[in-house]
Amino acid sequence: MADGCKQDGVELLLEPMGFAPAKTYQKELFEAGIPLTAFQVADIQHEYERLEKLGVAFSMKPTPMGAVTLAVFEDTCGNNIQIYQV
Numbered sequence: 003m004a005d006g007c008k009q010d011g012v013e014l015l016l017e018p019m020g021f022a023p024a025k026t027y028q029k030e031l032f033e034a035g036i037p038l039t040a041f042q043v044a045d046i047q048h049e050y051e052r053l054e055k056l057g058v059a060f061s062m063k064p065t066p067m068g069a070v071t072l073a074v075f076e077d078t079c080g081n082n083i084q085i086y087q088v
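So for the sequence shown, the numbering used here puts the first residue at 3; every next one is plus one.
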C-alpha cells in the first residue's frame, strides 16, 4: 500500500508501488485527473450519495456524458477511481 493509505476492508492492488515506473505512472495519472480504473454501478446517484455519506471526497459529481454518467473520487492511496452508469 502507498504511504498513508488506510485499509480496513477489501483491498484492490492496482500496481506494486515498489516498482519505480509504477510510482511515476500513478503520480502522473493522478495529477492529470485521469482515473486509474472504473467500476460500473447500477445506480450512480445512489452510490454517489452512499459513498459521500461514508466520507468519500468526489472530484467529479455524477455528470451525464452522452449515454453514460460518470463520477470520480480519490481512493486515499493516490489514485482517481471512476464509477459509471450506462
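Ideal Cβ placement from N, Cα and C applies to all residues, glycine included.
With at least 16 other beta carbons inside 10 angstroms of its own, A73 counts as buried.
Distance between F60 and Q87, taken at the CA atoms: about 16 Å. Rounded to the nearest angstrom, the Cβ distance from Y50 to P64 is 5 Å, consistent with a contact under 8 Å.
DSSP places P18 in the coil class of the three-state scheme, outside both helix and strand. In this structure I85 is not in contact with F32, their Cβ atoms being roughly 17 Å apart against a cut-off of 8 Å.
Assignment of E13 by DSSP, reduced to helix, strand and coil, places it in the coil class.
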